[in-house]
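A short worksheet on the structure shown next.
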Amino acid sequence: KMREYYDKKREEGKPFKVAVIACVNKLLHWIFALLKNRTTSKI
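My numbering puts the first residue of the sequence shown at 25, with every later residue one more than the last.
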C-alpha cells in the first residue's frame, strides 16, 4: 500500500522528499488511528 501511495505521489510530480514525507504522515495517521481505537492491524 505504501509503495503504491509513494509511486502515486511521484507520478503527480512531487519531489522525492515531499513524497516520502507524505508517506510518513500517512503512516502516522494509521498509527494514531490504531492507538485511538485500541485495535491491532497487520500493516
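All C-beta atoms, glycine included, are put in the ideal place defined by N, C-alpha and C.
Q.
Within the continuous alpha helix (DSSP H) that includes Lys-60, where are the two ends?
A. 40-61
**Q.** Secondary structure of Glu-36, DSSP reduced to three states
**A.** coil
Q: Quick one: residues in its chain with C-beta nearer than 8 Å to the C-beta of Arg-34, no 5 flanking neighbours on either side, listed in chain order?
A: Phe-40, Ala-43
Q) Beta-carbon separation of Tyr-29 and Lys-50 under 8 Å? A) yes
**Q.** Span separating the alpha-carbon of Ala-57 from that of Thr-63
**A.** 9 Å
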